[in-house]
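>
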Amino acid sequence: MTIDPAVARHAGSTTAGSPVLVLLHGYGSHEGDLIGLAPHLPAHLRLLAPRAPLTGGPGFAWSPLAAPGRPEPAHVRAAADALLTWLDATVEAATPVALLGFSQGGLLATQLLRTRPDRFAAAVVLSGFSLDATEPGDTDLAARRIPVLLGHGDTDPVIPADATTRTQAFLARHAALEHHVYPGLGHGIAPAGLADVHAFLTRALPS
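FYI, the working numbering numbers position 70 of the sequence shown as 59, with every residue one higher than the one before it.
1) Could you spell out where the beta strand (DSSP E) holding HIS169 opens and where it closes?
2) In or out: THR104 buried (at least 16 other Cβ within 10 Å) or exposed?
3) Hey, out of ALA161, THR123, LEU115, whose CA is closest to ILE135's CA?
4) To which residues of the same chain is THR144 closer than 6 Å at the C-beta, ignoring the five residues directly before and after it?
5) Express the C-alpha separation of SER116 and ALA179 in angstroms, rounding to a whole number.
6) Starting from THR79 and walking both ways along the beta strand (DSSP E), at which residues does that stretch end?
7) Measure the CB-CB distance between LEU102 and PHE109 and report whether it falls below 9 Å.
8) Does the beta-carbon distance from LEU139 to HIS168 come in below 9 Å?
9) By Cβ distance, which residues of its chain are closer than 7 Å to ILE24, with the 5 residues on each side in sequence left out?
10) CA-CA distance, GLY58 and ASP127?
11) In terms of alpha-carbon separation, which member of ALA98, ALA184, ALA55, VAL9 lies closest to ALA112?
12) Below 8 Å on the Cβ atoms is my contact criterion, and I expect ALA87 with ALA193 to pass it. Report the Cβ-Cβ distance as a whole number of Å.
13) In whole angstroms, give me the CA-to-CA distance for GLY45 and ALA71.
14) Going by DSSP in three states, HIS(-1) sits in which element: helix, strand or coil?
15) Can you tell which of SER196, ASP129, TYR16 has the C-alpha that lies nearest to the C-alpha of GLY95?
16) If you run the structure through DSSP and keep just helix, strand and coil, what is PHE159?
17) On the DSSP letters alone, give me the boundaries of the beta strand (DSSP E) that GLY46 sits inside.
18) HIS29 by DSSP, collapsed to three states: which one?
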């Protein structure tokens, strides 16, 4: 499993050494989806949006569909490894990197933190969840207390409530968690959520 660097989208700051925000789209979407959030994100960030390596629905996927909230761990781990290989080839090790993932992309954001917590400065998980398993980097992640924003609606028809609750509990134990629930929001990103993300990233990745 590999990430194609030729199709990754770029936006935001072009200043050398700018902090990087990696945008991870959801199942059935593509690299051009979350890059549209650029006007709502801090201007000093360099935005990178890779395409998931698998075909899924009308677009692409990080792992095949499985029982809601319970993907096959091997597929998720393989996707995280592919993303790390791409990231290490694309962004210098000294550059601060944060993650923003939506839905299945949020799953990958949490998995990346749990695989290589030393590589990331912060993460945003929107309408996403974490793998229900013990991962090699969990102890290191808990020691580092990386800032993580978890945002979701209270009427999400896609991500089961137990998966969201599990993820909140895990992040509360393993990260510096900022948790937002948006009343009436289904499976999506709320306007209020974008304001929270902007403020969070401004704090976590100062210019």
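The C-beta atom is built at its ideal place from N, Cα and C for all residues, glycine as well. Treat the numbers as computed from the prediction; the structure is a model and nothing was measured.
On the basis of the coordinates in this document:
1) 165 to 171
2) buried
3) ALA161
4) GLY175
5) 10 Å
6) Element bounds for THR79: not the beta strand (DSSP E) but the alpha helix (DSSP H), 62 to 79.
7) yes
8) yes
9) ARG(-2), ALA0, LEU12, LEU36, ALA38
10) 19 Å
11) ALA98
12) 6 Å
13) 17 Å
14) strand
15) TYR16
16) helix
17) Neither: GLY46 is in no beta strand (DSSP E) and is coded neither H nor E.
18) helix
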